[in-house]
Amino acid sequence: MLDDYRFSIGRVVVYKHPNPLLPKRAYGQKGPERTMGIIISVAAAYDPHPHWVYTIQNIRTRENVQVPECEIAFGASLDYSEFRGASRLPSANTDRMTGQMVAEALNKAMTESAVANYLRASVHDIVRAEKAEEIARREGRELPLGAGDYIRIRGDLRPEIKDFHNLYGKILKLEPLDRESIEANVRGMSRRYRTRRKYVVQADNGELIRIYDPEIKVYYTIRSKKQILNWRAVTFLAEVFGDDAPYSVELEYVQNHLYSRDELEGKDRDELRDLLSSLLYAKGHMGWRDYEDRHRLFKGVSKGFLVDTILAASRFDMHRNRLMTAEEIDLKKKDRERLKKLIG
27 MLDDYRFSIG RVVVYKHPNP LLPKRAYGQK GPERTMGIII SVAAAYDPHP HWVYTIQNIR
87 TRENVQVPEC EIAFGASLDY SEFRGASRLP SANTDRMTGQ MVAEALNKAM TESAVANYLR
147 ASVHDIVRAE KAEEIARREG RELPLGAGDY IRIRGDLRPE IKDFHNLYGK ILKLEPLDRE
207 SIEANVRGMS RRYRTRRKYV VQADNGELIR IYDPEIKVYY TIRSKKQILN WRAVTFLAEV
267 FGDDAPYSVE LEYVQNHLYS RDELEGKDRD ELRDLLSSLL YAKGHMGWRD YEDRHRLFKG
327 VSKGFLVDTI LAASRFDMHR NRLMTAEEID LKKKDRERLK KLIG
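According to this note's numbering, the sequence shown holds residues 27 to 370 in order.
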């Protein structure tokens, strides 16, 4: 059974030209090996084995070529329809533009969009991180942690816990600071942060240790598991520590469902954005903060990109940490069809 094709019609993709007839420079900086085009149509081919073949129009030379899916490197986050009539193009009537002008406009638009998105995200995060760092040095880190939260241990600050470096842990209880904790502020342990709290932690090897807040490297839940920052990590850590795994009806469904293009066809961009965010969060590819900020992160992203990414993400096996094979996808589809027949 042939699975859904990976790239939607209208997507701008980078691909390997199968039969370049023009000089290398005509296809762009990377030549015909990595040139850019717009997908016009998609068709199934069955010789020598079932696969998808795309008709792609090169945005520089205007050549129409047929390219197998395996020869497409990746697709842009915007599709061709996003640029038609846009003010960022030199002319509103793109049909009268030369291939070279369209290519330059698309390249410029994608570059500017990528840079703008990067700056909006990174500058804000850098400023916030610097402020938090300064407060932590002066006053200590105000960690929103409680009993039951999962963490990763930093064991390179004290020789007493060097064997626990990078192990996972579960906080059992918080203890008040003692004299040893206060003295730690003038020793080498917390040159980076002032010590504020002491924690009794069960490491993933079963041992109990006492650590201080500078020795918490990463935390995956906060406020005694009231908020899960990394759903996939917490699912596995709950199994390690013998706890109940987190559960959400919506996330459980998207986590195990294999989406098809037919299912996604009638959804608008906002629905696709929310679905993709839930899917990425459930499979550990997106943290809680990014999930909350999904409206900004996916601003300006094309509908085709959202659909294609949902299809790809739903085919990621979070337990094996890899994409599903064609055989596994086929088996899952057959299981779904059998279930549909049983339900009626």
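For each residue, glycine too, the CB sits at the ideal point set by N, CA and C.
- Its chain contains A69, A71, Q92, P94 as the residues whose beta carbon lies nearer than 6 Å to that of V79, once the 5 sequence neighbours on both sides are disregarded; these appear in chain order.
- Taking C-alpha positions only, L193 is separated from K56 by approximately 44 Å.
- S250 counts as exposed, since fewer than 16 other beta carbons sit within 10 angstroms of its beta carbon.
- When the five nearest sequence neighbours on each side are left out, the beta carbons in the same chain lying within less than 6 Å of the beta carbon of Q83 are those of G63, I64, I66, N90, in order along the chain.
- Annotation for A259: Y246, G310 place their beta carbon closer than 7 Å to its own, counting only its chain and skipping 5 residues before and after.
- CA-CA distance, D189 to I161, rounds to 30 Å.
- The closest CA to that of Y31, considering only T351, L337, R223, is found on L337.
- Of the residues assessed, P58 falls on the buried side of the cut-off, its CB having 16 or more other CB atoms within 10 angstroms.
- Bounds of the alpha helix (DSSP H) holding K358 are 352-369.
- Linking R164 to Y238 through their CA atoms gives a straight-line distance of about 16 Å.
- The beta-carbon distance between L171 and I248, rounded to whole angstroms, is 6 Å. This is short enough to meet the 8 Å contact definition.
- In chain order, Y194, K243, V244 place their CB closer than 6 Å to the CB of R178, counting only its own chain and leaving out the 5 sequence neighbours on each side.
- Straight across, the Cα-Cα distance linking M350 with L357 is about 11 Å.
- In the DSSP assignment, the residues bridged to Y225 are L200, I237.
- Under DSSP, P94 forms a beta bridge with V79.
- In the DSSP assignment, M62 is bridged to V40.
- By the CB criterion at 8 Å, V327 and S103 fall inside the cutoff.
- The C-beta distance from I98 to Y41 rounds to 5 Å, short enough to fall under 8 Å.
- Distance from the CA atom of P272 to the CA atom of H77, rounded to whole angstroms, is 38 Å.
- Distance from the CA atom of S274 to the CA atom of T261, rounded to whole angstroms, is 12 Å.
- Counting C-beta atoms within 10 angstroms of its own C-beta, P185 has fewer than 16 neighbours from the protein chains shown and is therefore classed as exposed.
- Beta-bridge partners assigned by DSSP to R348: D343.
- In the DSSP assignment, V244 falls within the beta strand (DSSP E) that extends over 242-245.
- Secondary structure at N192: coil, using DSSP grouped into helix, strand and coil.
- In the DSSP assignment, R320 falls within the unbroken alpha helix (DSSP H) covering 320-323.
- Residue state for R178 is assigned as strand, using DSSP reduced to three classes.
- The three-state secondary structure of F267, taken from DSSP, is coil.
- With a threshold of 16 other beta carbon atoms within 10 Å, M312 meets it and is buried.
- Scanning A229, L183, R167, A155 for the CA closest to the CA of G174 turns up A229.
- Separation of the CB atoms of L298 and V333 is rounded to 6 Å, and the pair is thereby assigned contact status at 8 Å.
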